[in-house]
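Beneath this line is the structure, given in structure tokens, with notes to follow.
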Amino acid sequence: MMMSPSTVSTIGEAMVVLLPENQLPVAEAREYRTGVGGAEFNVASSLARLGVPTHWISRLGDDGFGDYILETARHDGVLTDAVERDDHRPTGLYVKETVVSADGDRRPRMHYYRSESAASQLGADTLRHEATRAAITASAIVHTSGITPALSDSTALLVGELGDALPRDTVLSVDLNFRPRLWERRSTAPLHRLLDQASVLFLGVDEAELFFGHTDAARLFAELPTLQRIVLKDEENAATTLHRDSEAGIEVRSLSVDVVETVGAGDAFAAGYLAGLASGRSDTACTRLGHAVAASTLICHGDRPELVPDAQGVDTIVEASDEEWASWRITADHPLPWTTVGAHGMIDA
Numbered sequence: 007m008m009m010s011p012s013t014v015s016t017i018g019e020a021m022v023v024l025l026p027e028n029q030l031p032v033a034e035a036r037e038y039r040t041g042v043g044g045a046e047f048n049v050a051s052s053l054a055r056l057g058v059p060t061h062w063i064s065r066l067g068d069d070g071f072g073d074y075i076l077e078t079a080r081h082d083g084v085l086t087d088a089v090e091r092d093d094h095r096p097t098g099l100y101v102k103e104t105v106v107s108a109d110g111d112r113r114p115r116m117h118y119y120r121s122e123s124a125a126s127q128l129g130a131d132t133l134r135h136e137a138t139r140a141a142i143t144a145s146a147i148v149h150t151s152g153i154t155p156a157l158s159d160s161t162a163l164l165v166g167e168l169g170d171a172l173p174r175d176t177v178l179s180v181d182l183n184f185r186p187r188l189w190e191r192r193s194t195a196p197l198h199r200l201l202d203q204a205s206v207l208f209l210g211v212d213e214a215e216l217f218f219g220h221t222d223a224a225r226l227f228a229e230l231p232t233l234q235r236i237v238l239k240d241e242e243n244a245a246t247t248l249h250r251d252s253e254a255g256i257e258v259r260s261l262s263v264d265v266v267e268t269v270g271a272g273d274a275f276a277a278g279y280l281a282g283l284a285s286g287r288s289d290t291a292c293t294r295l296g297h298a299v300a301a302s303t304l305i306c307h308g309d310r311p312e313l314v315p316d317a318q319g320v321d322t323i324v325e326a327s328d329e330e331w332a333s334w335r336i337t338a339d340h341p342l343p344w345t346t347v348g349a350h351g352m353i354d355a
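Quick note on our numbering: the sequence shown kicks off at 7 and runs consecutively.
Have a look at this one:
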């Protein structure tokens, strides 16, 4: 019988997402749907919905957008005691616009309004707040991403002290999430300091090449002294788990997906993988869960999956034969292969 999952904390910004109705251009849209996004919030939301006790550490403006995000977090089961409110700075938001390329492909374009947001003032003092200390002390895994140190000088100081704030046996998980535009006017030194403290690193092949200049696991382990586990994602092809003390990696092929939109899929993968890790599952099981939750996100327009596997669905995913796994195709208009009811893949978030 699988053990009950350990507690996880995530640290980072959440924003309100505005989506033009009918995917109209912003200039033509008159009505918008709302959602919530932000890398570490997305991870926290999916983890909590997967049954993992999850704290989210952040700051929100003392405004209606902040109220909406808190309501969403609590609805998803996220523990929010370590979320501060700021009556001087606003909650961040972004608009997700669907644009059509010359060859007819539709893709999202994000317009961010997060400068001087409440979350940009997360800082080293945050780590000393009672609620934050309680969340971190209770957690076996603390997760953040490379987006957080890019937000401000204050958040850069936070991640610089994060490793020292964790209990000895706590795993620091980092999703590289390297976004060059966020670093155009900033030194990447804070991101390097964060990576120097990481135990687990999620990264894509493309961003590894962009940031490190290579995808050689042996070199990454040599360059990052505390790193114990690398999860290297090759988008639609496969994801591989590599350990410092093992030459061979565990590769799991990606699911076949009819992609609607890619935003949030990396966060969903991290959530699924960490849910497995928090429950003591094998590398293969963790990676399958990552792929499954990511696939559920790829078939909707929201930043988070509308559906996550229930306990029986998780068992179906991790116990499927390699042949079954390879045969699954995930689409927006058919039931997910691990669902126990006739729920379809896509319900707009």
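For each residue, glycine too, the CB sits at the ideal point set by N, CA and C.
- If you ignore the 5 residues before and after Ala137, its C-beta comes within less than 7 Å of the C-beta of Asp87 and Ala88, all in its own chain and listed in chain order.
- Of the candidates His61, Ser51, Leu200 and Pro341, the residue whose Cα lies closest to the Cα of Thr78 is Ser51.
- Within the same chain, Cβ atoms closer than 6 Å to the Cβ of Phe208 are found at Asp181, Val237 and Ala276, the five residues on either side in sequence being excluded.
- Approximately 31 Å separates the beta-carbon atoms of Gly67 and Ala146; this is outside 8 Å, ruling out the contact.
- For Pro196, the enclosing alpha helix (DSSP H) starts and ends at Ala195 to Leu201.
- Secondary structure in the region 128 to 191: the alpha helix (DSSP H) runs of 4 residues or longer, each lying completely within the stretch, are 136 to 144 and 159 to 171 in chain order.
- Runs of the beta strand (DSSP E) lying entirely within the region 210 to 253 and spanning at least 3 residues, in chain order: 235 to 240 and 244 to 249.
- Counting along the chain, Ile305 sits inside no alpha helix (DSSP H), nor does DSSP assign it H or E at all.
- For Leu168, same chain residues with a beta-carbon under 8 Å away, outside a window of 5 residues either side, are Ile17, Leu133, Val148, Thr150, Leu178, Leu200 and Gln203 in chain order.
- A distance below 6 Å between beta-carbons, with the five flanking residues on each side excluded, links Leu85 to the following residues of its chain, in chain order: His61.
- Closest by C-alpha distance to Ala140, out of Ser126, Thr13, Thr322 and Phe71, is Thr13.
- When Thr221, Ser126, Val269 and Leu53 are compared, the shortest CA-CA separation from Ser285 is found for Leu53.
- DSSP links Ile75 through a beta bridge to no other residue.
- The region 69 to 123 is shown to contain whole alpha helix (DSSP H) runs of 4 or more residues at 70 to 82, in chain order.
- For the region 28 to 75, the continuous alpha helix (DSSP H) assignments of 4+ residues that do not extend past its boundaries occur at 45 to 55, in sequence order.
- With respect to Pro96, Asp73 sits apart: the two C-beta atoms are not nearer than 8 Å.
- Boundaries around Thr322 are those of the alpha helix (DSSP H), Ala317 to Glu325, since no beta strand (DSSP E) includes it.
- Rounded to the nearest whole angstrom, the CA to CA distance from Asp92 to Leu295 is 36 Å.
- In the DSSP assignment, Ser333 falls within the alpha helix (DSSP H) that extends over Asp328 to Ser333.
- In the three-state reduction of the DSSP assignment, Ser126 falls in the helix class, which pools H, G and I.
- For Leu280, there is no enclosing beta strand (DSSP E); the residue is found in the alpha helix (DSSP H) stretching over Ala271 to Ala284.
- For Thr16, the uninterrupted beta strand (DSSP E) run begins and ends at Val14 to Ile17, by DSSP.
- Sequence-distant Cβ neighbours of Leu248 in its own chain, meaning closer than 6 Å and more than five residues away, are Ala223, Ile236 and Gly255.
- Its Cα nearest to that of Ser64, the residue Gly44 stands out among Gly44, Asp82, Arg187 and Gly83.
- Taking C-beta separations shorter than 7 Å and ignoring five residues to either side along the sequence, the partners of Thr221 in its chain run Val211, Ala214, Glu215 and Leu238, following chain order.
- Annotated as proximal: Arg113 and Ser107, with beta-carbon spacing under 8 Å.
- By the neighbour-count definition (other C-beta atoms within 10 Å, threshold 16), Gly219 is an exposed residue.
- Nearest in C-alpha terms to Gln127, of all of Gly98, Cys306, His117 and Ala281, is Gly98.
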